[in-house]
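First up is the structure itself, then whatever we jot down about it.
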Amino acid sequence: MQIKEYALYKGEEIIAMGTKREIAEQLGISVRSVTCYGTPSYAKRTSENARRLVDL
Numbered sequence: 002m003q004i005k006e007y008a009l010y011k012g013e014e015i016i017a018m019g020t021k022r023e024i025a026e027q028l029g030i031s032v033r034s035v036t037c038y039g040t041p042s043y044a045k046r047t048s049e050n051a052r053r054l055v056d057l
């Protein structure tokens, strides 16, 4: 099994990189919040300058 890596962006700026758990620990938020940043429904509700989770 391969571990998935992600990048969390705010606009054009990279905030954090790693697994969902590593990103959550770096930012002091839950893994569920990190997962939410990658959903299409979150993208629709927020502006383009909001946080976005991207698969690497």
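Quick note, in this note's numbering, the sequence shown goes up one by one and the last residue is 57. For each residue, glycine too, the CB sits at the ideal point set by N, CA and C.
Status (buried if at least 16 other CB within 10 Å, exposed otherwise) for residue i
i	result
residue 55	exposed
residue 24	buried
residue 5	exposed
residue 11	exposed
For residue j and residue i, believed in contact at Cβ under 8 Å, the rounded distance
i	j	result
residue 52	residue 16	7 Å
Cβ-Cβ distance between residue i and residue j below 8 Å
i	j	result
residue 9	residue 35	yes
residue 19	residue 7	yes
Coarse secondary structure for residue i, derived from DSSP in three states
i	result
residue 7	strand
residue 23	helix
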